[in-house]
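Asks: Each residue of the sequence shown is one higher than the last, beginning at 75 in our numbering.
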Amino acid sequence: MTPSQAAQLEKARILVVDDEPRATEMLDRFLTMRGYSVFTARDGEHATALFQKQGAELVITDYRMPRKDGRALIDELRSVVPELPFIVVSGSLNIADLSSELRQIGVEVMAKPIDLRNLPAMIQKLLTEHRKEH
């Protein structure tokens, strides 16, 4: 990757969605320190409203949330931007089943608690693939 490609990836806008404030705060700090433009939402409805106003190149969302869960959020935002990359995080006991289901629609899955060592590489891969499509 060239330095200019790396700089472009660092400026990417990432929407982080989780009903647990500590989770959104941790991801916001972690990603902002790496040069990403981050904005956060507390549930799927709030995320939809923010996305309509601000857009995003990548969404990291919890799967289980009140008012609109992660799957409903994926379906809604992809109706607007079909190739929008998503990373779903879940503390579900059925993470293997969830991973299988979501990977069929091109969504990456990470178990909670999130392993921050693997997150930057996953984000970079998804953003690079997304930008190649445009």
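Beta carbons: idealized from backbone N, C-alpha and C, even for Gly. The model shown is predicted, which means the values in this text are computed figures rather than measured ones.
Give me, in chain order, the residues of the same chain whose beta-carbon lies closer than 7 Å to that of Phe113; leave out the 5 immediate sequence neighbours on both sides.
Replies: For the purposes of this step, residue 113 is taken as the residue at position 39 of the sequence shown. Leu89, Leu124, Gln128, listed in sequence order.
Asks: Based on Cα-Cα distance, which residue from Val154, Thr106, Phe160 lies nearest to His204?
Replies: As a first step, residue 204 must be located in the sequence shown, where it is residue number 130. Of the listed residues, the one whose Cα sits closest to His204 is Phe160.
Asks: Who are the near neighbours of Lys186 in its chain, counting only those whose CB is closer than 7 Å to its CB and skipping five residues on each side?
Replies: Stepping through the sequence shown from its first residue, residue 186 is reached at position 112. If we look at Lys186 and ignore the five residues flanking it on each side, its Cβ neighbours are Val163, Ser164, Gly165.
Asks: For Thr106, does the count of other Cβ atoms within 10 angstroms reach 16, so buried, or fall short, so exposed?
Replies: On the sequence shown, residue 106 is found 32 positions in, with the first residue counted as 1. With fewer than 16 Cβ atoms within 10 Å of its Cβ, Thr106 is classed as exposed.
Asks: Over the uninterrupted alpha helix (DSSP H) stretch that includes Met184, give me the two end residues.
Replies: Locating residue 184 in the sequence shown gives position 110, where the first residue counts as 1. Here Met184 belongs to no alpha helix (DSSP H); instead the beta strand (DSSP E) covers 182-185.
Asks: So the candidates are Ile188, Val155, Arg152; which of them puts its Cα closest to the Cα of Ile169?
Replies: Taking the sequence shown and counting its residues from 1, the one referred to as residue 169 is at position 95. Checking every option, the nearest Cα to that of Ile169 belongs to Ile188.
Asks: Per DSSP, Ile88 forms a beta bridge with which residues?
Replies: Indexing the sequence shown from 1 puts residue 88 at position 14. Answer by DSSP bridge pairing, in chain order: Val112, Leu132.
Asks: Could you please give the first and the last residue of the uninterrupted beta strand (DSSP E) stretch that includes Ser174?
Replies: Here residue 174 refers to the residue found at position 100 when the sequence shown is read from its first residue. No beta strand (DSSP E) holds Ser174; the alpha helix (DSSP H) holding it covers 169-177.
Asks: DSSP state of Ser164, grouped into three classes?
Replies: What you label residue 164 is simply residue 90 of the sequence shown in a count that begins at 1. Ser164: strand per DSSP, three-state reduction.
Asks: Which same chain residues end up closer than 8 Å to Gly118 when comparing Cβ atoms and leaving out the 5 residues on each side of it in sequence?
Replies: Your numbering for residue 118 matches position 44 in the sequence shown. Within the same chain, Gly118 has close Cβ partners Val91, Thr135, Met139, Arg141, Lys142, Asp143, Gly144, Ala146, Leu147, Glu150.
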